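Undergrad:
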Amino acid sequence: MSEFIDKIFGRENRYYLMGIAIIWIVLFHVFLWTDMSDIKTSWWIALFDKGALGVDIFLLLSAFGLQASIDHHSIGRFYKNRLKRIFPIYVFFLLFLFIVVERNCPWDRVVMQCLCQMTGLSLFEYPEFFSCGFCFDWFTPAIILLYIVFPIISKIVVWIHKKGIMAEVFFLLLCVVIGVWIRENKHFPFGLLAFRFPIIYLGITIYLYQKKGEYKHLLLLILIGACYGLLSSNEEMRLSLLLPPVLTVFALLSYKLPLFRSISLIGRYSFEIYLAHIFPVAFLIPLKISENIFILLLLTIVTTIVITFYFICVHKILNYWGNKTISNC
282 MSEFIDKIFG RENRYYLMGI AIIWIVLFHV FLWTDMSDIK TSWWIALFDK GALGVDIFLL
342 LSAFGLQASI DHHSIGRFYK NRLKRIFPIY VFFLLFLFIV VERNCPWDRV VMQCLCQMTG
402 LSLFEYPEFF SCGFCFDWFT PAIILLYIVF PIISKIVVWI HKKGIMAEVF FLLLCVVIGV
462 WIRENKHFPF GLLAFRFPII YLGITIYLYQ KKGEYKHLLL LILIGACYGL LSSNEEMRLS
522 LLLPPVLTVF ALLSYKLPLF RSISLIGRYS FEIYLAHIFP VAFLIPLKIS ENIFILLLLT
582 IVTTIVITFY FICVHKILNY WGNKTISNC
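Using this note's numbering, you'd call the opening residue of the sequence shown number 282 and step up by one each time.
Here's what the structure looks like:
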């Protein structure tokens, strides 16, 4: 079991999984938006219909990493590290979005929407608040909200962990019930985060068991979670809770995984790729530039690569200026 933890959550394998996740998410969104735009899709692109599972991969890995970070750093340092990774490029992305796509949106509305996106409040204010300029991005506000409340979540999960395996099994069931209820009662887009409560909880718990070197109860908890998933009437919850056992099988594979270096590189810049793909997927595809799925896919890939490179350069420049400013203070 310790080998499972190392292979899944070790830096290079983590990047590989993140690379797979972001590729899956991009192709899922191509399928989703072509379908919504009444563009005829090929059977192979429909294979990515379950691509939202890529988000579950991100959240499982993120929860593990966040718990490791808060365990080794002060809360101030924890927030500083999160701020440095997300905010510079995300602020630039939002400004770029409104300049390129929503030029006619009133400036006060732009400011309010940006603030809601950067604080996670947009998860609770859709669709009434976003009368214009909605950037089709619920995931980044969800991650930001998770960052903000994570110290509290961490304390609760650690307290439950100290109570023993039965308390953990009950709490996992509670997460499942609450997550499914919120999701099925159409609290959108917060519902998209809510049904991932169990996978976030498992990510934190995996770290806690790894820290103690105890794996029997962890394996039991993962299997019970899979049983909860199989018994759930919600397909999204079912797939989410089957993810940890599937990753256990992945961990048993050789390190010589297909295109390991290339996919790991994609995973390293997954956040920039995620932001970049929003432009071609959410704005170009609905224009119906072409009815050919291959042309649309090529357009998406090329545009995403170009914008990603632009975002990476901007992010490096902003980080350089930020570090230089801090060192001069």
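Here a beta-carbon is modelled for each residue, glycine too, at the ideal position from N, C-alpha and C. For clarity, every value in this text was computed on a predicted model and none was experimentally measured.
(1) Give the C-beta separation of Met447 and Phe476 to the nearest angstrom, bearing in mind that I take them to be a contact with Cβ-Cβ under 8 Å.
(2) Would you say Gly300 and Ile547 are within 8 Å of each other, going by their C-beta atoms?
(3) In chain order, what are the residue ranges of uninterrupted alpha helix (DSSP H) at least 4 long that sit wholly in the region 457 to 485?
(4) Let me know the secondary structure DSSP gives Ser355 once reduced to three states.
(5) Of the residues Phe575, Leu340, Phe339, which one's Cα is nearest the Cα of Val311?
(6) For Asp330, which option in Asp352, Trp305, Leu340 has the closest C-alpha, if you only look at C-alpha atoms?
(7) Scan the region 505 to 593 and note each continuous beta strand (DSSP E) run of 3 residues or more that stays entirely inside, going in chain order.
(8) So for Glu449, helix, strand or coil by DSSP?
(9) Could you check whether the Cβ of Val336 sits closer than 8 Å to any Cβ belonging to chain B?
(10) Leu404 and Leu426 look like a contact to me (Cβ under 8 Å); what is the Cβ gap, rounded to whole Å?
(11) Buried or exposed for Thr585, going by 16 or more other Cβ atoms inside 10 Å?
(12) In whole angstroms, give me the CA-to-CA distance for Gly291 and Phe560.
(13) Applying the criterion that 16 or more other CB atoms from any shown protein chain within 10 Å of the CB defines a buried residue, is Trp602 buried or exposed?
(14) By how many angstroms is the C-alpha of Tyr496 removed from the C-alpha of Val587?
(15) Once DSSP output is grouped into helix, strand and coil, what is the label at Gly346?
(16) Would Pro479 and Gly460 qualify as a contact pair, given that the criterion is a beta-carbon distance under 8 Å?
(17) Indicate the three-state DSSP secondary structure (helix, strand or coil) for Met299 in the structure shown.
(18) Among Ala507, Val530, Phe531, whose alpha-carbon lies nearest the alpha-carbon of Leu520?
(19) Can you have a look at Ile433 and say buried or exposed, based on whether 16 or more other CB atoms are within 10 angstroms of its CB?
(20) Leu453 and Tyr509 - do their beta-carbons sit closer together than 8 Å?
(21) DSSP three-state call for Asp418: helix, strand or coil?
(22) If distances are taken between C-alpha atoms only, which option among Asn515, Trp440, Ser545, Leu500 comes closest to Val530?
(23) Are the CB atoms of Ile380 and Leu528 within a distance shorter than 8 Å?
(24) In the structure shown, what three-state DSSP assignment does Gly291 receive?
(25) Quick one: give me the first and last residue of the alpha helix (DSSP H) that Cys397 is part of.
(26) Of the choices Pro525, Ile487, Tyr555, Ile463, whose alpha-carbon is the least far from that of Asn515?
(27) Would you mind sorting His442 into buried or exposed? The rule is 16 or more other CB atoms within 10 Å of its CB.
TA: Answer, in terms of the structure:
(1) Locating residue 447 in the sequence shown gives position 166, where the first residue counts as 1. Locating residue 476 in the sequence shown gives position 195, where the first residue counts as 1. Rounded, the Cβ-Cβ distance is 24 Å, inconsistent with contact.
(2) On the sequence shown, residue 300 is found 19 positions in, with the first residue counted as 1. On the sequence shown, residue 547 is found 266 positions in, with the first residue counted as 1. The answer is yes: Cβ separation under 8 Å.
(3) 471 to 475
(4) Reading the sequence shown from its first residue, position 74 is the one you call residue 355. Reduced to three states, the DSSP call for Ser355 is coil.
(5) Start at 1 with the first residue of the sequence shown, and residue 311 comes out as number 30. Checking every option, the nearest Cα to that of Val311 belongs to Phe575.
(6) Sequence index remark: in the sequence shown, residue 330 carries index 49 (1-based). Out of Asp352, Trp305, Leu340, Trp305 has the C-alpha closest to the C-alpha of Asp330.
(7) none
(8) For the purposes of this step, residue 449 is taken as the residue at position 168 of the sequence shown. Residue state, collapsed to three classes: helix.
(9) In the displayed structure, chain B is absent; only one protein chain is listed.
(10) One-based indexing of the sequence shown puts residue 404 at position 123. One-based indexing of the sequence shown puts residue 426 at position 145. The pair is a contact, with the Cβ atoms about 6 Å apart (cut-off 8 Å).
(11) Residue numbering aside, residue 585 sits at position 304 when the sequence shown is read from its first letter. Buried is the call here.
(12) One-based indexing of the sequence shown puts residue 291 at position 10. One-based indexing of the sequence shown puts residue 560 at position 279. For Gly291 and Phe560, the gap between their C-alpha atoms comes out near 32 Å.
(13) Here residue 602 is taken as the residue at index 321 of the sequence shown, counted from 1. Classification of Trp602: exposed, given that the 10 Å Cβ count is below 16.
(14) Translated into the one-based positions of the sequence shown, residue 587 becomes position 306. Translated into the one-based positions of the sequence shown, residue 496 becomes position 215. If you take the alpha carbons of Val587 and Tyr496, they lie about 44 Å apart.
(15) Walking along the sequence shown from the start, residue 346 turns up at place 65. Helix.
(16) Position 198 of the sequence shown, counting from 1, holds the residue named residue 479. Position 179 of the sequence shown, counting from 1, holds the residue named residue 460. Yes, these two residues count as a Cβ contact at 8 Å.
(17) The sequence position of residue 299 within the sequence shown is 18, counting from 1. Met299 falls in the helix class under three-state DSSP.
(18) As a working mapping, residue 520 is identified with position 239 in the sequence shown. Residue Ala507 is the option with its Cα nearest to Leu520.
(19) In the sequence shown, the residue the question calls residue 433 occupies position 152. Flag for Ile433 reads exposed.
(20) Looking up residue 509 in the sequence shown gives position 228. Looking up residue 453 in the sequence shown gives position 172. Taking 8 Å as the Cβ cut-off, Tyr509 and Leu453 qualify as a contacting pair.
(21) By 1-based counting over the sequence shown, the position of residue 418 is 137. Asp418: coil per DSSP, three-state reduction.
(22) Along the sequence shown, read from residue 1 onward, the residue named residue 530 stands at position 249. The option with the nearest alpha carbon to Val530 is Leu500.
(23) One-based indexing of the sequence shown puts residue 528 at position 247. One-based indexing of the sequence shown puts residue 380 at position 99. With respect to Ile380, Leu528 sits apart: the two C-beta atoms are not nearer than 8 Å.
(24) Position 10 of the sequence shown, counting from 1, holds the residue named residue 291. Looking at Gly291 - three-state DSSP - the assignment turns out to be coil, as it is neither helix nor strand.
(25) Taking the sequence shown and counting its residues from 1, the one referred to as residue 397 is at position 116. Looking at the DSSP string, the run of the alpha helix (DSSP H) that includes Cys397 is 388 to 400.
(26) Working through the sequence shown from its first residue, we reach residue 515 at position 234. Per the Cα distances, Ile463.
(27) Here residue 442 refers to the residue found at position 161 of the sequence shown. His442 is buried by the Cβ-count criterion.
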